[in-house]
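Heads up: the structure comes next, in structure tokens.
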Amino acid sequence: MPLSGEYEPSGSAFSRRQVELYESSGGTRGTTVDGVSVVVLTTVGSRSKKLRKTPVMRVEHGGCYAAVASLAGAPRNPAWYHNLLAHPVADLQDGAVKQNMTARELTGDERALWWGRAVAVWREYADYQRKTERLIPVMLLVPTIA
755 MPLSGEYEPS GSAFSRRQVE LYESSGGTRG TTVDGVSVVV LTTVGSRSKK
805 LRKTPVMRVE HGGCYAAVAS LAGAPRNPAW YHNLLAHPVA DLQDGAVKQN
855 MTARELTGDE RALWWGRAVA VWREYADYQR KTERLIPVML LVPTIA
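Here it is, written out as structure tokens:
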């Protein structure tokens, strides 16, 4: 079941514009960043409980998606990561396709596998990891079965 509630646009002008273009076109425009495909991840705010929408790189395998909490190698995790820890249900739009997902953080070999897939899609992730002392979290998003 799709998430519902009040939507609060991102404080980041870049993210806000990307999401607006993506959604206003039905997923036919705003679908790439620097030539690489993105999806729109909708989460529930960990404190505000408002819906938050974030473009993330499209890392898909077998109908599941990875969301890499890189924040470009910043010393802290992005807000959407904390949102998923608090409320592990999300909506994901991949082009015109929207689906409800369940999220969990990956560890060990499973994280390593998905990290490799993510770096193959967006090689900057490896640079981001070198820039920060934290281990960049990888969240797995699996379609929710109704």
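Residue numbers (the numbering used here): 755 to 900. Every residue gets a Cβ at the ideal spot worked out from N, C-alpha and C, and that includes glycine. This structure is a prediction, so every number in the text was calculated from the model and none was measured.
Quiz item: Between the beta-carbon of Val843 and the beta-carbon of Thr898, is there less than 8 angstroms?
Solution: What you label residue 843 is simply residue 89 of the sequence shown in a count that begins at 1. What you label residue 898 is simply residue 144 of the sequence shown in a count that begins at 1. Yes, they are a contact pair.
Quiz item: Tell me the DSSP bridge mates of Val790?
Solution: Taking the first residue of the sequence shown as 1, we reach residue 790 at position 36. In the DSSP output, where bridge partners are listed per residue, Val790 has Val787.
Self-check item: Where Ala821 falls: helix, strand or coil (DSSP)
Solution: Reading the sequence shown from its first residue, position 67 is the one you call residue 821. Assigned with DSSP and collapsed to three states, Ala821 falls in strand.
Quiz prompt | Residue closest to Ser764, alpha-carbon to alpha-carbon, out of Tyr879, Pro832, Trp868, Ala857 | solution = By 1-based counting over the sequence shown, the position of residue 764 is 10. Comparing Cα positions, the closest option is Pro832.
Self-check item: Rounded C-alpha distance that separates Asp848 from Ala872
Solution: Sequence index remark: in the sequence shown, residue 848 carries index 94 (1-based). Sequence index remark: in the sequence shown, residue 872 carries index 118 (1-based). Spanning the two alpha carbons is a distance of roughly 16 angstroms.
Quiz item: Any idea if Arg806 is buried or exposed, counting beta-carbon neighbours within 10 angstroms, 16 or more meaning buried?
Solution: The sequence position of residue 806 within the sequence shown is 52, counting from 1. Its Cβ being crowded by 16 or more others within 10 Å, Arg806 is buried.
Quiz item: DSSP puts Ala866 in a beta bridge; with which residues?
Solution: Start at 1 with the first residue of the sequence shown, and residue 866 comes out as number 112. The partner list for Ala866 (beta bridge, DSSP) is empty, contrary to what the question assumes.
Self-check item: Opening and closing residue of the beta strand (DSSP E) in which Asp775 lies
Solution: Against the sequence shown, residue 775 aligns to sequence position 21. The sequence given here places Leu at residue 775; Asp does not occur at that position. Not the beta strand (DSSP E): Leu775 falls in the alpha helix (DSSP H), residues 767-778.
Quiz prompt | the segment 890-897 in contact with the segment 856-875 per 3-pair CB rule at 8 angstroms | solution = The segment 890-897 is in contact with the segment 856-875.
Quiz item: Hey, how far is the Cα of Ala866 from the Cα of Ala820?
Solution: The residue you call residue 866 lines up with position 112 of the sequence shown. The residue you call residue 820 lines up with position 66 of the sequence shown. Taking the straight line joining both Cα atoms gives about 12 angstroms.
Quiz item: Is it true that the CB of Tyr882 sits closer than 8 angstroms to the CB of Ala826?
Solution: For the purposes of this step, residue 826 is identified with residue 72 of the sequence shown, where counting begins at 1. For the purposes of this step, residue 882 is identified with residue 128 of the sequence shown, where counting begins at 1. Against a cut-off of 8 angstroms, the Cβ pair of Tyr882 and Ala826 comes out as a contact.
Quiz item: So is Val851 buried or exposed if we call it buried at 16+ other beta carbons inside 10 Å?
Solution: Within the sequence shown, numbered from 1, the residue matching residue 851 stands at position 97. Per the 10 Å Cβ criterion, exposed.
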